[in-house]
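In terms of numbering that gives the first Met the number 0, the sequence shown is residues 0 to 288.
Below: the structure, in structure tokens.
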Amino acid sequence: MTYDSLAHFLRDGKEHFAKGPLALVFVEDDVEIDSTLHHHLTLGFKSVIAFMPREFELTEELQALCPRIDMPSPRGQAMLDTVNAISKAAPDLWVYYCFNAEYLFFPFCETRSIAEMLAFHTEERRDAMLTYVIDLYASDLNTHPNAVSLDAPLLDRSGYYALARPDADNHNHPKDRQLDFFGGLRWRFEEHIPTTKRKIDRISIFRTQENLSLLEDFTFDNQEYNTYACPWHNNLTAAVVSFRTAKALKSNPGSTFDIQEFSWHNSVPFEWHSRQLLDLGLMEPGQWF
Numbered sequence: 000m001t002y003d004s005l006a007h008f009l010r011d012g013k014e015h016f017a018k019g020p021l022a023l024v025f026v027e028d029d030v031e032i033d034s035t036l037h038h039h040l041t042l043g044f045k046s047v048i049a050f051m052p053r054e055f056e057l058t059e060e061l062q063a064l065c066p067r068i069d070m071p072s073p074r075g076q077a078m079l080d081t082v083n084a085i086s087k088a089a090p091d092l093w094v095y096y097c098f099n100a101e102y103l104f105f106p107f108c109e110t111r112s113i114a115e116m117l118a119f120h121t122e123e124r125r126d127a128m129l130t131y132v133i134d135l136y137a138s139d140l141n142t143h144p145n146a147v148s149l150d151a152p153l154l155d156r157s158g159y160y161a162l163a164r165p166d167a168d169n170h171n172h173p174k175d176r177q178l179d180f181f182g183g184l185r186w187r188f189e190e191h192i193p194t195t196k197r198k199i200d201r202i203s204i205f206r207t208q209e210n211l212s213l214l215e216d217f218t219f220d221n222q223e224y225n226t227y228a229c230p231w232h233n234n235l236t237a238a239v240v241s242f243r244t245a246k247a248l249k250s251n252p253g254s255t256f257d258i259q260e261f262s263w264h265n266s267v268p269f270e271w272h273s274r275q276l277l278d279l280g281l282m283e284p285g286q287w288f
């Protein structure tokens with residue numbers, strides 16, 4: 000089903016968000032649209048909803064499986080407004096959001112569904128989940144000039160770190176159970192990345208509320224949503240492996256000619272398996288075994 004606007008979808012497509020979890024995929028360009036949607040369908044989301052420009056095409060199979068909302072530029076404020084509108088229209092649902100050429104991995108996702116994982120997370124009295132955006136990139140930019148290669152992607156095995164998140168409303172003291180995380184291409188090529196865009200943490204998975212707002216830095220105005228764990232023990236976290244930064248660095252005229260390759264001595268092949276991300280410490284199983 001295709002909807003010609005978000006308003007049309009919210010008015011006539013309510014059956015698609017009658018039951019979660021939902022995946023909202025914001026399609027910024029025509030790179031790996033099909034693989035992104037297929038990946039999230041296999042994770043067990045009740046609906047995988049694509050927001051994309053009208054000129055981009057979907058296969059007949061995906062047209063039948065994924066509601067499509069026409070959106071001229073599904074990024075920036077339009078993306079934030081969409082997430083917030085759905086949160087208001089469909090409260091108390093688990094929702095995940097990402098962009099095209101991004102792929103969610105959570106602990107043991109090869110054998111357990113997203114609904115099973117979120118049922119456990121709910122039992123731990125959590126309403127949101129921290130995800131780390133882990134950069135993927137092609138090893139050979141001559142062969143893959145847009146830096147995207149599903150067959151042989153690389154990721155950084157080290158170079159990740161966290162800093163305390165200062166609270167401007169409390170004399171810049173560190174916020175409770177909140178950190179800013181850095182690493183990957185945004186760290187190695189930081190001279191091409193605005194300071195406000197260098198973090199790799201997102202609250203990508205959350206339970207909707209009518210009075211909840213997603214902010215520009217992918218945190219929420221509810222501070223408990225932005226915590227990485229509850230007060231008494233570690234909780235689950237997940238990873239979003241993403242070609243988005245690599246694509247941007249190679250499509251931006253201000254950086255593309257300065258970057259001949261992304262690979263370095265700490266690059267390793269990505270195995271498309273949650274075990275590798277767990278072994279590298281790029282997500283946390285918490286108490287879920």
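Here a beta-carbon is modelled for each residue, glycine too, at the ideal position from N, C-alpha and C.
What number of angstroms, rounded off, separates the C-alpha of residue i from the C-alpha of residue j?
i      : j      : result
PHE244 : LEU184 : First, the amino acid is wrong: residue 244 is Thr here, not Phe. Taking the straight line from one Cα to the other gives about 7 Å.
ASP134 : HIS170 : 33 Å
VAL267 : PRO144 : 19 Å
GLU56  : GLY253 : 29 Å
LEU64  : ILE113 : 17 Å
PHE98  : TRP231 : 33 Å
PHE45  : PRO20  : According to the sequence shown, residue 45 is Lys rather than Phe. Whole-angstrom Cα-Cα distance: 6 Å.
LEU248 : PRO73  : 19 Å
PRO193 : LYS246 : 16 Å
TYR160 : MET78  : 28 Å
ALA22  : PRO165 : 31 Å
SER148 : CYS108 : 22 Å
THR41  : TRP271 : 13 Å
SER250 : GLY158 : 24 Å
THR1   : HIS7   : 10 Å
ALA167 : ASN225 : 15 Å
LEU117 : TYR227 : 15 Å
TYR136 : HIS39  : 20 Å
ARG187 : GLN259 : 13 Å
ASP33  : ASP257 : 30 Å
THR121 : LYS18  : 15 Å
ALA163 : TYR96  : 25 Å
ASN141 : ASP150 : 15 Å
Going by the DSSP bridge assignment, what does residue i pair with across the sheet?
i      : result
ILE68  : TYR2 and PHE50
MET128 : ILE204
ALA22  : VAL47 and TYR95
ALA161 : PHE180
HIS172 : ASP166
ASP134 : SER241
Do residue i and residue j have their CB atoms nearer than 7 Å?
i      : j      : result
ARG53  : ASP28  : no
VAL132 : SER4   : no
ARG176 : LEU279 : no
VAL26  : LEU213 : no
LEU211 : ASN221 : yes
SER138 : SER262 : yes
ASP80  : ARG206 : no
ASP179 : LYS196 : no
PRO71  : GLN208 : no
LEU276 : PHE104 : yes
GLN203 : THR130 : Sequence inspection shows Ser at residue 203; the Gln mentioned does not correspond to that position. Yes.
LEU36  : LEU61  : yes
ASN233 : GLY285 : yes
ARG201 : PHE217 : yes
PRO152 : PHE269 : yes
ILE85  : PRO66  : no
ALA238 : LEU281 : yes
ALA100 : VAL30  : yes
PHE16  : TRP287 : no
Can you name the start and end residues of the alpha helix (DSSP H) that residue i belongs to?
i      : result
ARG274 : 273-278
So residue i is in the beta strand (DSSP E); what residue range does that whole segment cover?
i      : result
ASP28  : It is not in any beta strand (DSSP E) - ASP28 carries neither H nor E in the DSSP assignment.
GLY153 : In the sequence under discussion, the amino acid at residue 153 is Leu, which differs from the Gly named in the question. From DSSP, the beta strand (DSSP E) with LEU153 extends over 152-155.
SER266 : 266-268
Less than 6 Å separating the Cβ of residue i from some heavy atom of the ligand ADP?
i      : result
TRP231 : Questions concerning the ligand ADP fall outside what the structure shown contains, since it holds no ligand whatsoever.
Notebook entry, point to check: Mind pulling the beta strand (DSSP E) runs of 3 or more residues that sit fully within the segment 68-113?
Noted result: The DSSP assignment places complete beta strand (DSSP E) segments of no fewer than 3 residues inside the segment 68-113 at 93-98 and 101-104, in order along the chain.
Checklist line | Residue ranges of each beta strand (DSSP E) within the segment 209-242, 3 or longer | finding: Uninterrupted beta strand (DSSP E) stretches at least 3 residues long and entirely within the segment 209-242 occur at 237-241, given in chain order.
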